Amino acid sequence: NQQIIYTAQGRQDPNENTGISIQNCTVTAASDLVPVKTSFEAYLGRPWRNYSRTVFMKSYLDDLIQPAGWLEWNGSFALSTLYYGEYMNSGPGAGTANRVRWAGYQVIKKSKEAKKFTVSQFIEGNSWLPSTGVRYRS
């Protein structure tokens, strides 16, 4: 009954400006997992603590992602305090019609909302990343 869970996040306080933002990425099975990937259920994430916040945006989600997309951790623990979002993802695992129906889960429709989770706004990357030489899109 092993599962693949890409993210697990939690915050101490809902006002903390932390979380996970996965942008312009490819979520797929590693080559050694491909032959057995149907033996495992894979999910985008689950809450680790209260106030979990995770967004997947403009990423390719392969077919290993379960239709529900997200997984509870311990029954209903932290489901009422989380913020999980998806924005303009593509690929066979990106369909949102059968995603979880939690109050804090949403398909982000407006670019203004999604922009809050970009490098430039979420981690203020434009102010410090250029000096590191790390390539990124804001």
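Here the numbering used here = 1-based position in the sequence shown + 883.
The C-beta atom is built at its ideal place from N, Cα and C for all residues, glycine as well.
All figures in this text were calculated on a predicted structure; none of them were measured in a lab.
So for residue i, helix, strand or coil by DSSP?
| i | result |
| --- | --- |
| T921 | helix |
| A977 | coil |
| P930 | strand |
| P895 | As written in the sequence, residue 895 is Gln, which differs from the Pro given in the question. Q895: coil per DSSP, three-state reduction. |
| Q949 | coil |
| S959 | coil |
| S1014 | helix |
Have a look at the DSSP bridge pairing and note the partners of residue i.
| i | result |
| --- | --- |
| L944 | V910 |
| G968 | V938, Q989 |
Just to confirm, are residue i and residue j a CB contact at a threshold of 7 angstroms?
| i | j | result |
| --- | --- | --- |
| N972 | S1003 | no |
| L947 | A977 | no |
| A961 | N933 | yes |
| T1001 | S1021 | yes |
| G968 | D945 | no |
| S935 | F1005 | no |
Spatial neighbours of residue i within its chain, please: C-beta separation below 7 angstroms, excluding the five flanking residues on both sides.
| i | result |
| --- | --- |
| A997 | M940, Y970, I991 |
| E955 | R929, L962 |
| F923 | Q885, Q886, I887 |
| N907 | K941, S942, R1020 |
| Y988 | W953, Y967, R982 |
Kindly indicate if chain D contains any beta-carbon less than 7 angstroms away from that of residue i.
| i | result |
| --- | --- |
| N907 | As a matter of chain content, chain D is missing from the structure shown, which is built from one protein chain. |
Ignore the nearest five residues each way along the sequence and tell me which others in residue i's own chain have a CB closer than 6 angstroms to its CB.
| i | result |
| --- | --- |
| W985 | L962 |
| P950 | N981 |
| N1009 | S1003, S1021 |
Give me, in chain order, the residues of the same chain whose beta-carbon lies closer than 8 angstroms to that of residue i; leave out the 5 immediate sequence neighbours on both sides.
| i | result |
| --- | --- |
| Y889 | I905, V910, A925, Y926, L927, G928 |
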